[in-house]
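>
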Ligand code: FAD
């Protein structure tokens, strides 16, 4: 094994593995250290995203969506179905198969690009040296021209609901349940809580989400968030805001949760399982030797500038372990930026245009500024909205709930943000992201030809509606702010 590399990446999640591959494409010698072991005890690449995050959650969201559609969504189309049943272990096996396929795919990509995968733990020493401890406990010291920290994040634990992996679980445990719990509690009604709550609700669980904050989905445009709460509540998700969990008690495989409700009254609820989904925190334990020269910020994230450089020369940090939204694609783009900077290029990613998706049904997605953010910044803006209830493709698909909202600068007409709740929201917001990346105006978007009938026409109409030109809606007056 070589001990000297141009680049050593610590962590093989979507930030680290993308950085490693891009650096190798640019002709650099690269090693990527990963300590994760899968259920079979084997080292696996892909990080949280591929093993216990984005990919497995979407696999179960898709399976549960198909089940719910067969049970509840076909009668309306004149299709009668009986004898439907749900085999949870088979769903979990399918999900595990997808995870193994994708993590194995990263190993193949590493081989193809000449990236050395080292399974074990990495620790940054002074002077761009890395202490590597393999899974048998053997330690060696590697040297690099550049070191990239990409150690990601893990679920936050709260003392009032200690995770035991059986009755009280975190997001990882919620992807492994062997049967549908009759009553499922979820602490936290954020993105992950809503997605995992949706999986088990669709499969038949009674789901109660207890959220300490008073505002539902504060990261989202509140017009969209209000619509989302309405739609999700109708699906049977019992979302309780301003609800502070103060204690939990596990007895005979069930859990009693005590909480203070929004009105201050103490309440108790019993559940078969409780998922704790209150956010994620950066992983930096045993990562930095005291003289490594790398600083953490007040939230425990590795401190970096806008090119992801840390305080220590030649040491970079990317992904969930640094500031910014904890999203796989944000980390991947940082990985590309850092690899290219190491290779001498001047790449700078655009932090203003990072799409964000919640994979509920319907999807909720956003890019750029929300109306609340624009109000707060004082930037003059115009709004255009278009409901899916007036979109032909959505009605044909039985997906008429929700809307598209486009925000544009009041004077320049430049698109500043786009929020969608509705069918294919993730794909529509990506179209808006491409438009924003090129500095498109709402008028430009409105002048483009969109295929008919498509969900995308709702984006077209919302862009037209910014300047009062929407065709398929009665209210054509521009709303200027
Ligand atoms: P990670 O993916 O966490 O990878 C870091 C890796 O570093 C880990 O494999 C870890 O084992 C390794 N590591 C840590 N310390 C060391 C060390 N000292 N030595 C060696 N290795 C080390 N994001 C989205 O964009 N879209 C989604 O739909 C989405 N869904 C999600 C659903 C769930 C249930 C969860 C939990 C997360 C989801 N996320 C989603 C978030 C996404 O998974 C993370 O933002 C992303 O994985 C972060 O990438 P990363 O490379 O920074 O870190």
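Residue numbers (the working numbering): 15 to 495. Note that CB positions come from ideal geometry on N, CA and C, so glycine has one too.
Can you give me the C-alpha to C-alpha distance between residue 48 and residue 349, rounded to a whole angstrom?
Translated into the one-based positions of the chain shown, residue 48 becomes position 34. Translated into the one-based positions of the chain shown, residue 349 becomes position 335. Distance between the alpha carbons of residue 48 and residue 349 is about 16 Å.
> What would DSSP say about residue 334, mapped onto helix, strand or coil?
On the chain shown, position 320 is the one that residue 334 refers to. Three-state result, residue 334: helix.
> Looking only at its chain, what residues have a beta carbon closer than 7 Å to the beta carbon of residue 127, apart from the 5 residues adjacent to it on each side?
Position 113 of the chain shown holds residue 127. The residues are 35, 38, 39.
> Smallest Cα separation from residue 403: which of 476, 83, 312?
Residue numbering aside, residue 403 sits at position 389 when the chain shown is read from its first letter. When only C-alpha atoms are compared, the closest one is 476.
> On a Cα-Cα basis, can you pick out the residue from 257, 293, 262 that is closest to residue 276?
Start at 1 with the first residue of the chain shown, and residue 276 comes out as number 262. When only C-alpha atoms are compared, the closest one is 257.
> Looking only at its chain, what residues have a beta carbon closer than 8 Å to the beta carbon of residue 268, apart from the 5 residues adjacent to it on each side?
Working through the chain shown from its first residue, we reach residue 268 at position 254. 181, 284, 285, 286, listed in sequence order.
> Is residue 365 buried or exposed, if buried means 16 or more other CB atoms sit within 10 Å of its CB?
Residue 365 sits at position 351 when you count from the first residue of the chain shown. It is exposed - the Cβ of residue 365 has fewer than 16 other Cβ atoms within 10 Å.
> Buried or exposed for residue 160, please, with buried defined as at least 16 other CB atoms from any protein chain shown within 10 angstroms of its CB.
Residue 160 sits at position 146 when you count from the first residue of the chain shown. So residue 160 counts as buried.
> Would you say residue 253 touches ligand 1, meaning its beta carbon is less than 7 Å from a heavy atom?
Translated into positions along the chain shown, residue 253 becomes position 239. Residue 253: no, Cβ never under 7 Å from ligand 1.
> Enumerated in chain order, which unbroken segments of the beta strand (DSSP E) with a length of 3 residues or greater are wholly contained in the segment 195-224?
Whole beta strand (DSSP E) segments, 3+ residues: 197-201, 220-224.
> Can we count residue 24 as close to ligand 1, meaning its CB is less than 7 Å from some heavy atom?
Sequence index remark: in the chain shown, residue 24 carries index 10 (1-based). At least one heavy atom of ligand 1 is nearer than 7 Å to the Cβ of residue 24, so yes.
> Compute the Euclidean distance between the alpha carbons of residue 149 and residue 24, then round it to the nearest angstrom.
What you label residue 149 is simply residue 135 of the chain shown in a count that begins at 1. What you label residue 24 is simply residue 10 of the chain shown in a count that begins at 1. Approximately 15 Å, taken between the alpha carbons.
> Once you ignore the five residues that flank residue 242 on each side, which residues in its own chain have a CB closer than 6 Å to its CB?
If you number the chain shown from 1, residue 242 lands on position 228. Contacts found: 378, 435.
> Using the Cα positions of residue 421 and residue 431, report the straight-line distance between them to the nearest angstrom.
As a working note, residue 421 is residue 407 in the chain shown. As a working note, residue 431 is residue 417 in the chain shown. Their Cα atoms are separated by approximately 5 Å.
> Assign residue 290 to one of two classes, buried (16 or more other C-beta atoms within 10 Å of its C-beta) or exposed (fewer than that).
For this step, residue 290 is matched to residue 276 along the chain shown. It counts as buried.
> If I'm right that residue 297 touches residue 137 with Cβ under 8 Å, what's the distance once you round it to whole angstroms?
As a first step, residue 297 must be located in the chain shown, where it is residue number 283. As a first step, residue 137 must be located in the chain shown, where it is residue number 123. The pair is not a contact, with the Cβ atoms about 12 Å apart (cut-off 8 Å).
> Please report the residue range of the beta strand (DSSP E) in which residue 247 lies.
Stepping through the chain shown from its first residue, residue 247 is reached at position 233. It is not in any beta strand (DSSP E) - residue 247 instead sits in the alpha helix (DSSP H) that spans 236-248.
> Flag residue 50 as yes when its Cβ comes closer than 7 Å to any non-hydrogen atom of ligand 1, and as no otherwise.
The residue labelled residue 50 in the question sits at position 36 within the chain shown. Yes, since a heavy atom of ligand 1 falls inside the 7 Å radius drawn around the Cβ of residue 50.
> Is residue 48 helix, strand or coil by DSSP?
On the chain shown, position 34 is the one that residue 48 refers to. In this structure, residue 48 counts as strand in the three-state DSSP scheme.
> Residue 412 to residue 207, Cα distance in whole Å?
Reading the chain shown from its first residue, position 398 is the one you call residue 412. Reading the chain shown from its first residue, position 193 is the one you call residue 207. Approximately 26 Å between the Cα atoms of the pair.
> What's the call for residue 325, buried or exposed, on a 16-neighbour Cβ count within 10 Å?
Numbered from 1 along the chain shown, position 311 holds the residue referred to as residue 325. With fewer than 16 other Cβ atoms within 10 Å, it is exposed.
> To the nearest angstrom, how far is the alpha carbon of residue 409 from that of residue 69?
Taking the first residue of the chain shown as 1, we reach residue 409 at position 395. Taking the first residue of the chain shown as 1, we reach residue 69 at position 55. Straight-line Cα distance between these residues: approximately 29 Å.
> Using only CA atoms, which one of 139, 124, 471 lies nearest to residue 306?
Residue numbering aside, residue 306 sits at position 292 when the chain shown is read from its first letter. Closest option to residue 306, Cα to Cα, is 139.
> Given this structure, state the Cα-to-Cα distance separating residue 200 from residue 224, to the nearest angstrom.
In the chain shown, residue 200 corresponds to position 186, counting from 1. In the chain shown, residue 224 corresponds to position 210, counting from 1. Approximately 6 Å, taken between the alpha carbons.
> Okay, do the segment 378-389 and the segment 232-242 touch, 3+ Cβ pairs below 8 Å being the bar?
yes
> Where residue 157 and residue 31 are concerned, what is the direct C-alpha to C-alpha distance, given to the nearest angstrom?
Position 143 of the chain shown, counting from 1, holds the residue named residue 157. Position 17 of the chain shown, counting from 1, holds the residue named residue 31. Straight-line Cα distance between these residues: approximately 19 Å.
> Among 332, 247, 454, which residue has its Cα nearest to the Cα of residue 351?
Within the chain shown, the letter at position 337 stands for residue 351. That would be 332, whose Cα lies nearest to the Cα of residue 351.
> Between the Cα of residue 84 and the Cα atoms of 361, 75, 99, 73, which residue gives the shortest distance?
Mapped onto the chain shown, residue 84 falls at position 70. When only C-alpha atoms are compared, the closest one is 99.
> Is it buried or exposed, residue 472, if we count other Cβ atoms within 10 angstroms and call 16 or more buried?
Taking the first residue of the chain shown as position 1, residue 472 is located at position 458. It counts as buried.
> Can you find at least 3 beta carbon pairs, one from the segment 390-407 and one from the segment 456-475, that sit closer than 8 Å?
yes
> Does at least one heavy atom of ligand 1 sit under 7 Å from the Cβ of residue 335?
Walking along the chain shown from the start, residue 335 turns up at place 321. The answer is yes for residue 335.
> Buried or exposed: residue 461, going by 16 or more other Cβ atoms within 10 Å of its Cβ?
Position 447 of the chain shown, counting from 1, holds the residue named residue 461. So residue 461 ends up on the exposed side.
> Would you check if the segment 184-196 and the segment 212-228 touch, i.e. whether three or more CB-CB distances between them fall below 8 Å?
yes
> I'd like to know whether the C-beta atoms of residue 102 and residue 194 end up nearer to each other than 8 Å.
Stepping through the chain shown from its first residue, residue 102 is reached at position 88. Stepping through the chain shown from its first residue, residue 194 is reached at position 180. Between residue 102 and residue 194, the CB-CB gap stays under 8 Å.
> Cα separation between residue 89 and residue 81?
Residue mapping note: residue 89 aligns to position 75 of the chain shown, counting from 1. Residue mapping note: residue 81 aligns to position 67 of the chain shown, counting from 1. Taking the straight line from one Cα to the other gives about 14 Å.
> If we ignore side chains and look at the alpha-carbon of each, how far apart do residue 178 and residue 262 end up?
The residue you call residue 178 lines up with position 164 of the chain shown. The residue you call residue 262 lines up with position 248 of the chain shown. Going by the C-alpha atoms only, they are around 12 Å apart.
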